[in-house]
Structures are given as C-alpha cells and as structure tokens.
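Student: The structure is given below, and queries will be raised subsequently.
Number of protein chains: 2
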Amino acid sequence: MKQSIGPQTMLYPAPMLLVGTYDENGRANVMTCAWGGICSSDPICVTVSLREATYSYHNIVRAQAYTISVPSASLVKQVDFVGLKSGRDTDKFAALGWTATKAEHVDAPYVEECPLVLECKVVRTVELGLHTMFIGQVMDVKADAGIMREKGHLDIPALDAICFDPNNGHYYAAGAPLGKAFSIGEEL
Amino acid sequence: MKQSIGPQTMLYPAPMLLVGTYDENGRANVMTCAWGGICSSDPICVTVSLREATYSYHNIVRAQAYTISVPSASLVKQVDFVGLKSGRDTDKFAALGWTATKAEHVDAPYVEECPLVLECKVVRTVELGLHTMFIGQVMDVKADAGIMREKGHLDIPALDAICFDPNNGHYYAAGAPLGKAFSIGEEL
Chain A
1 MKQSIGPQTM
11 LYPAPMLLVG
21 TYDENGRANV
31 MTCAWGGICS
41 SDPICVTVSL
51 REATYSYHNI
61 VRAQAYTISV
71 PSASLVKQVD
81 FVGLKSGRDT
91 DKFAALGWTA
101 TKAEHVDAPY
111 VEECPLVLEC
121 KVVRTVELGL
131 HTMFIGQVMD
141 VKADAGIMRE
151 KGHLDIPALD
161 AICFDPNNGH
171 YYAAGAPLGK
181 AFSIGEEL
Chain B
189 MKQSIGPQTM
199 LYPAPMLLVG
209 TYDENGRANV
219 MTCAWGGICS
229 SDPICVTVSL
239 REATYSYHNI
249 VRAQAYTISV
259 PSASLVKQVD
269 FVGLKSGRDT
279 DKFAALGWTA
289 TKAEHVDAPY
299 VEECPLVLEC
309 KVVRTVELGL
319 HTMFIGQVMD
329 VKADAGIMRE
339 KGHLDIPALD
349 AICFDPNNGH
359 YYAAGAPLGK
369 AFSIGEEL
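Protein chains in written order, with the numbering used here: chain A, 1 to 188; chain B, 189 to 376.
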C-alpha cells in the first residue's frame, strides 16, 4: 500500500546538466539544469526547461542554440556554485577558472572541463508555465579521450556523471553496472 | 581537445522508467522508457516520449493518461523483460507476476512492485518525428513506506533506482551521495 505525497517535481535519476549560452555581448554563460532529458531518436532531440527569469533563457531565445555539458562528480562543488550564481552579475567561467569553448555547429559555448558535450539547435519551444521547454536537435556529441572506448562507445563509469535528487535537493554519484539492456531479461 | 562522435541519443544519466497504461479492453500494460524527465515545476509536469509503433502509444492517446513507476535495481531483469515484449501479444503483468494497481487520479495502472509512482494526466502532445512526447501533469506521487523518511522526504539510496546508458544500452545502479545542492558550492 503506497502513501501519497502529493504532486511533486520528483523523478529519479534526474540528470545534472550544465547549459551553455552566449549573452548579447558574446560573453559565455553556464547554468545548472536537471529538468531535461532525451525526447526523440529521429531527429535526435533533447529537452531542457528553464525559467524565463534566468539569464540563460534570453540567451537561448536569441541564439536558438545551447550546449549541454555533462559534468563529472569531481566537479560537483563547481556545479553547485554554477547553480548558486546568475550570469547577470557573475562571469561563472572566470570565477571557476573554466574554459568556454565555442561549439562547432551552434552558436553557444560548452565547458571544456566536462568530459561529455552536446551541441543543440532549438527546433521547438514549448511554454509550460513557470518553465519553458527548449527542444534541441543534437547536432553533435563530443567526448574527452578519457571517456572514449572503441567505435564511438563511451565509458560510463569514467564519465562519472552526477544524478540530481529533486525531492531532497541532493547530488548523487552514478553507480555500478547492472546488466545489458534487451538481453538480461531474456532468461526470465 | 574533444573528439566528435556525431549526433547521438546520449545524455547520462537517463532515467529507467516504466510507463503504465490501460488498453481499450481495460487490460493493464507497461513499457520501458528512458526518453523522459521533469520539464516544469508549476504546473508540475514530466515528459515521456514514445514511438507510435508501441502498444502504449495508442493507450495514452485514448486515455490521455499514464503512470510512471520507478523500479529498483533488484527488478532490473524484469525491467529488461518489459522492454523485450509488446503488450499486443504479452500480458506483461501476468508474465512477471506483477500487480497492476489502478491509479487514484488518472485512468492508468501502476506497478505495485515499484517503490515510487507518478500519476500523470496528459496536458500537451508534441509530435517530434519517430517519437511523440506526452507532457504529463503530475497529479500525485506515491511511495512505499520503505523509501519514506520524515515529512514527505524520500530515501534515495533505498529507492535504488536504475540509470540507463543509451550509448551502450546498459543499466547502471544509482550511486553514493555527493552533497547538498545550493549549499556545497558556497565554500568556493
């Protein structure tokens, strides 16, 4: 018998993402985002949802582009710092000593220090209320050599991504392998 | 210097979710879904994206409702089984010995054996190409006593959710705590 805890923004794991944009003066900004995920395989698209109150919202509306940088757990304090500050009054890249690299396919910067990056072109904007969902077509995925294996496959334990717990506002590490999809259920 | 691996449906962690629906005969079905996430805080909404070819797609279109059951790692083989079968020719609840409980607020069933459940009413449908995104307003969240702590807070390690790696098609456990959000970055 389950207990009701009422409507909540709770789904786990939520991905801990860094959304990169340029402002109108070409200055790179980055914000944290856990309201997002994959939404389409063909075309390959992802979503990020932002409040209009954020600096990044206006940057995305103007450029119709953003990047997603996936940080490793070793960067968790820096990630939290990103979430504590606004690009309106803080140059977060400068404050953290991070490098903003211009994306190859879209007009947005990514965080060089993050091992995995998606370059996204906005193809649909959905107003939902407090948040606006920017559906981005993934124009390219880029990865550090340290998380690359053979034939474009990624080393997920080496990526060491961060999970966000929206219920408690807590960061968690990603964990150990459990098995191969479309495979381990065959024995049942 | 990052290496390009081209456009890919790759974002990590992706959540391993079970989407519950009733078919036109009132029979409960469940499918796996990793293309989803939170998209809005007010109203509280989540997304799941399904291919029109799935049995569940038509169930959602008809009922304008679905549930999301979040499985624990102990159920990973059963979860994989769900992804290997179609509700068209398999009663997955019966095959797995699972219990389909009717949601309280929407016309859809959830998996009683999963510790965390969201009841979702479709408020927007977005055709994206191969996938259709169903934006669902979260009408209620329900949790087993075993993952409840004080005051509606959830015990994330006890939930023991599954992360999906779309790049390699692999399941991973969720891992250890890293720190409190909007807090641990303050010391930088």
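Beta carbons are placed, not taken as given, at the ideal position from N, Cα and C, and that holds for glycine.
Which first and last residues belong to the alpha helix (DSSP H) in which residue 157 of chain A is found?
Tutor: The residue you call residue 157 of chain A lines up with position 157 of the first sequence. It spans 156-159 - the alpha helix (DSSP H) in which residue 157 of chain A sits, taken as one unbroken run.
Student: Got a sec, what are the start and stop residues for the beta strand (DSSP E) residue 328 of chain B sits in?
Tutor: For the purposes of this step, residue 328 of chain B is identified with residue 140 of the second sequence, where counting begins at 1. From DSSP, the beta strand (DSSP E) with residue 328 of chain B extends over 319-331.
Student: Rounding to the nearest angstrom, what Cα-Cα distance links residue 369 of chain B and residue 80 of chain A in this structure?
Tutor: Residue 369 of chain B sits at position 181 when you count from the first residue of the second sequence. Residue 80 of chain A sits at position 80 when you count from the first residue of the first sequence. C-alpha separation (whole angstroms): 6 Å.
Student: Does the Cβ of residue 188 of chain A have 16 or more other Cβ atoms within 10 Å, making it buried, or fewer, making it exposed?
Tutor: The sequence position of residue 188 of chain A within the first sequence is 188, counting from 1. That one is exposed.
Student: Using C-beta distances below 6 Å, list every residue in its chain close to residue 83 of chain A, excluding the 5 sequence neighbours before and after it, in chain order.
Tutor: The residue given as residue 83 of chain A occupies position 83 in the first sequence. Around residue 83 of chain A: 32.
Student: Residues of chain A with a CB under 9 Å from the CB of residue 260 of chain B: which are they?
Tutor: Mapped onto the second sequence, residue 260 of chain B falls at position 72. Going along chain A, no residue has its Cβ under 9 Å from residue 260 of chain B, so there is no contact; the nearest lies around 11 Å.
Student: From which residue to which residue does the beta strand (DSSP E) around residue 117 of chain A run?
Tutor: For the purposes of this step, residue 117 of chain A is taken as residue 117 along the first sequence, with counting starting at 1. 116-127 is the span of the beta strand (DSSP E), which, as asked, contains residue 117 of chain A.
Student: Helix, strand or coil for residue 367 of chain B? Go by DSSP, reduced to three states.
Tutor: Residue mapping note: residue 367 of chain B aligns to position 179 of the second sequence, counting from 1. DSSP places residue 367 of chain B in strand when its eight states are reduced to three.
Student: In the segment 39-51 of chain A, which residues sit with their C-beta less than 7 Å from some C-beta in chain B, listed in chain order?
Tutor: 39, 40, 41, 42, 43, 44, 45, 46, 47 and 49
Student: Whole angstroms is fine: what's the gap from residue 260 of chain B's alpha carbon to residue 172 of chain A's?
Tutor: In the second sequence, counting from the first residue as 1, residue 260 of chain B sits at position 72. In the first sequence, counting from the first residue as 1, residue 172 of chain A sits at position 172. Near 16 Å, if we compare the C-alpha coordinates of residue 172 of chain A and residue 260 of chain B.
Student: Taking the alpha helix (DSSP H) that residue 271 of chain B falls in, what are its first and last residues?
Tutor: One-based indexing of the second sequence puts residue 271 of chain B at position 83. Where residue 271 of chain B is concerned, the enclosing alpha helix (DSSP H) stretches over 264-272.
Student: Can you pull the DSSP bridge partners for residue 191 of chain A?
Tutor: As displayed, chain A neither begins before 1 nor continues past 188, which places residue 191 of chain A out of reach and without an answer.
Student: Under three-state DSSP, which class holds residue 213 of chain B?
Tutor: Along the second sequence, one-based indexing puts residue 213 of chain B at 25. Residue state for residue 213 of chain B is assigned as coil, using DSSP reduced to three classes.
Student: On the three-pair Cβ rule with 8 Å, is the segment 316-333 of chain B touching the segment 33-44 of chain A?
Tutor: yes
Student: Can you tell me whether DSSP reads residue 88 of chain A as helix, strand or coil?
Tutor: Within the first sequence, numbered from 1, the residue matching residue 88 of chain A stands at position 88. Residue 88 of chain A falls in the coil class under three-state DSSP.
Student: DSSP on residue 293 of chain B, reduced to helix/strand/coil?
Tutor: Your numbering for residue 293 of chain B matches position 105 in the second sequence. Coil at residue 293 of chain B, not helix or strand.
Student: Determine, for residue 185 of chain A, whether the minimum Cβ-Cβ distance to residues of chain B falls below 8 Å.
Tutor: Along the first sequence, one-based indexing puts residue 185 of chain A at 185. Yes, residue 185 of chain A counts as interfacial toward chain B.
Student: Decide if residue 24 of chain A is buried, meaning its Cβ has at least 16 other Cβ atoms within 10 Å, or exposed.
Tutor: Sequence index remark: in the first sequence, residue 24 of chain A carries index 24 (1-based). Residue 24 of chain A should be labelled exposed.
Student: Could you check how far apart the C-beta atoms of residue 304 of chain B and residue 234 of chain B are, in whole angstroms? I think they sit under 8 Å.
Tutor: Residue 304 of chain B sits at position 116 when you count from the first residue of the second sequence. Residue 234 of chain B sits at position 46 when you count from the first residue of the second sequence. Not quite, the Cβ-Cβ distance comes to about 12 Å (not below 8 Å), so this is no contact.
Student: With 9 Å as the C-beta to C-beta threshold (strictly closer), list the residues of the segment 68-95 of chain A near chain B in chain order.
Tutor: Hits within the stretch, in order: 68, 70, 73, 76, 77, 78, 79, 80, 81, 82, 83, 84, 85 and 95.
Student: Would you kindly work out how many angstroms separate the C-alpha atoms of residue 27 of chain A and residue 90 of chain A, rounded to a whole number?
Tutor: Start at 1 with the first residue of the first sequence, and residue 27 of chain A comes out as number 27. Start at 1 with the first residue of the first sequence, and residue 90 of chain A comes out as number 90. Near 11 Å, if we compare the C-alpha coordinates of residue 90 of chain A and residue 27 of chain A.
Student: Counting only C-beta atoms, is residue 313 of chain B closer than 8 Å to chain A at any point?
Tutor: Here residue 313 of chain B corresponds to residue number 125 of the second sequence, with the count starting at 1. No, no contact with chain A.
Student: Which of helix, strand or coil does DSSP assign to residue 205 of chain B?
Tutor: Position 17 of the second sequence, counted from the first residue, corresponds to residue 205 of chain B. Of the three classes helix, strand and coil, the one that applies to residue 205 of chain B here is strand, per DSSP.
Student: Report the residue from B:300, B:328, B:332 and B:302 whose alpha carbon sits nearest the alpha carbon of residue 309 of chain B.
Tutor: What you label residue 309 of chain B is simply residue 121 of the second sequence in a count that begins at 1. With distances taken between Cα atoms, residue 309 of chain B lies closest to B:328.
Student: With three or more C-beta pairs closer than 8 Å as the rule, is the segment 287-307 of chain B touching the segment 4-11 of chain A?
Tutor: yes
Student: Shortest alpha-carbon distance to residue 52 of chain A belongs to which of A:176, A:151 and A:133?
Tutor: Taking the first sequence and counting its residues from 1, the one referred to as residue 52 of chain A is at position 52. Checking every option, the nearest Cα to that of residue 52 of chain A belongs to A:133.
Student: Can you find a C-beta in chain A that's less than 8 Å from the C-beta of residue 297 of chain B?
Tutor: Sequence index remark: in the second sequence, residue 297 of chain B carries index 109 (1-based). So no, residue 297 of chain B is outside the interface.
Student: Whose Cβ in chain A lies nearer than 9 Å to the Cβ of residue 330 of chain B?
Tutor: Within the second sequence, residue 330 of chain B is the residue found at index 142, counting from 1. Here the neighbours are 2, 3, 4 and 5.
Student: Kindly say whether residue 334 of chain B, judged by its beta-carbon, lies nearer than 8 Å to any beta-carbon of chain A.
Tutor: Taking the first residue of the second sequence as position 1, residue 334 of chain B is located at position 146. Not one chain A Cβ lies under 8 Å of residue 334 of chain B.
Student: Can you grab the Cα-Cα spacing for the pair residue 102 of chain A / residue 137 of chain A, in whole Å?
Tutor: Residue mapping note: residue 102 of chain A aligns to position 102 of the first sequence, counting from 1. Residue mapping note: residue 137 of chain A aligns to position 137 of the first sequence, counting from 1. Roughly 17 Å between the two C-alpha positions.
Student: Tell me, to the nearest whole angstrom, how far the beta carbon of residue 112 of chain A is from that of residue 75 of chain A; I am working on the premise that it is less than 8 Å.
Tutor: As a first step, residue 112 of chain A is located in the first sequence; it is residue number 112 there, counting from the start. As a first step, residue 75 of chain A is located in the first sequence; it is residue number 75 there, counting from the start. Not confirmed; about 12 Å, so no contact.
Student: Helix, strand or coil for residue 96 of chain A? Go by DSSP, reduced to three states.
Tutor: Looking up residue 96 of chain A in the first sequence gives position 96. DSSP places residue 96 of chain A within a helical segment (H, G or I) once states are collapsed to three.
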